[in-house]
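Inspection log for the structure reproduced underneath, given as structure tokens.
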Amino acid sequence: MRALIFPGQGSQAVGMARDLAEAFPQARAVLDEVDAALGQNLSRLMFEGPVEALTLTANAQPALMAASLAVLRVLEAERGLDLERDVTCVAGHSLGEYAALAAAGSLTVADAARLLRLRGEAMQAAVAPGAGAMAALIGTDLDTARSVAEEAASATSSEAVCDVANDNGGGQVVLSGDRAAVERAIGVATGRGIKRAVMLNVSAPFHCRLMAPAAEAMARALAAVTLRAPRVTLYANVTAAPVSDPEAIRRALVEQVTGTVRWRACVAAMAESGVDRFHELGAGKVLTGLVKRIAPQASATAIGTPADVAAFAL
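So for the sequence shown, my numbering puts the first residue at 18; every next one is plus one.
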């Protein structure tokens, strides 16, 4: 059984999808569709940079989705992949959930691009620059990380926010919230014997309660978009469970803005359902590495280049 998985922010790199677009008209068509939807030559930014502009949240989010869907369309055209016949389920990490929904036919590519542009802008605007932060705890579990976050927040102030943003698996949990509380969490984690705790170079504190204004913006935007039932099973970030009802998907996407990305639980649930092959479509190999640690009995491959496409076998 096969799952397609879609990467989140941080996997972007200058040059992403360029070789695919040069080699396959199906990839170029996806990028052209995204460019038209946004009224921007995003594909040129993906190909040429500069990296500082590509890394901006409002650009990185639709760019990563575009790269993922370009790979999917090439696999369908060149390798005979049929989503409903060959794929059991899909899932994406944070913004990757929008790519998963577009892959499964729940969202159009154009709507996914516009939603991700708005999502990036709203998340960036939700918190004043420098007021928030994120930190990765390496070598811990979810319960310990949650305890660290709670202690750090309570020791900072009665209203301080320090939440679990990502439970990525492989002993990696990411915290997010007010800068002072997240910085305090580094010290708390060290005192708990956690192997490593590092601040992340991010532009905003994603997936925490401080993102409430962005969640409200996404609720309004999603209410105006047509969502269809996905053609294959989708595992949602916030529940780590299958979701198919369009209204439930809409709610999950809103909750995801402030909620924990439960990637470890998503992969574990897919593996427990019988999935034994995971294919990460798009830029980078971050999720591939995580899958190998969460579900070592399964195979995991990243597909993002013409050579990767050629190596893919049904």
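Positions of the beta carbon are idealized from the N, C-alpha and C atoms, including for glycine.
Apart from sequence neighbours up to five positions away, the residues of its chain that approach Leu71 with a beta-carbon distance below 7 angstroms are Gln29, Val31, Leu62, Met63, Ala77, Ala80, ordered along the chain. Following the DSSP letters along the chain, one finds Val303 inside the alpha helix (DSSP H) bounded by residues 303-311. Taking C-beta separations shorter than 7 angstroms and ignoring five residues to either side along the sequence, the partners of Gly97 in its chain run Leu331, following chain order. Positions of the alpha helix (DSSP H) runs, each at least 4 residues long and wholly inside the segment 241-297, are given as 263-275, 280-289 in order along the chain. DSSP places Val104 in no beta strand (DSSP E); its state is neither H nor E. A residue is called buried when at least 16 other Cβ atoms come within 10 angstroms of its Cβ; Asp128 meets this threshold and is buried. Residue pairing by DSSP places Ala319 opposite Glu297 in a beta bridge.
Looking at the DSSP output, Cys179 sits in a beta bridge with Gly194. In terms of Cβ geometry, Ala84 and Met33 form a close pair [threshold 8 angstroms]. Look at the beta carbons and you see the segment 194-212 touching the segment 136-154: at least three pairs across the two are nearer than 8 angstroms. In the same chain as Val88, and ignoring 5 residues on each side of it, the C-beta atoms closer than 7 angstroms to its own belong to Leu37, Leu298, Gly299, Ile320, Gly321, in chain order.
DSSP places Met151 in no alpha helix (DSSP H) but in the uninterrupted beta strand (DSSP E) bounded by 149-155. Annotated as proximal: Cys106 and Thr250, with beta-carbon spacing under 8 angstroms. If you draw a straight line from the Cα of His110 to the Cα of Ser174, it comes to about 31 angstroms. In the DSSP assignment, Asp184 is bridged to Val190. Assignment of Ala330 by DSSP, reduced to helix, strand and coil, places it in the coil class. Only buried fits Thr275, as 16 or more other CB atoms lie within 10 angstroms of its CB.
Sixteen is the threshold: when 16 or more other Cβ atoms of the shown chains lie within 10 Å of the Cβ of Val165, as they do, the residue is buried.
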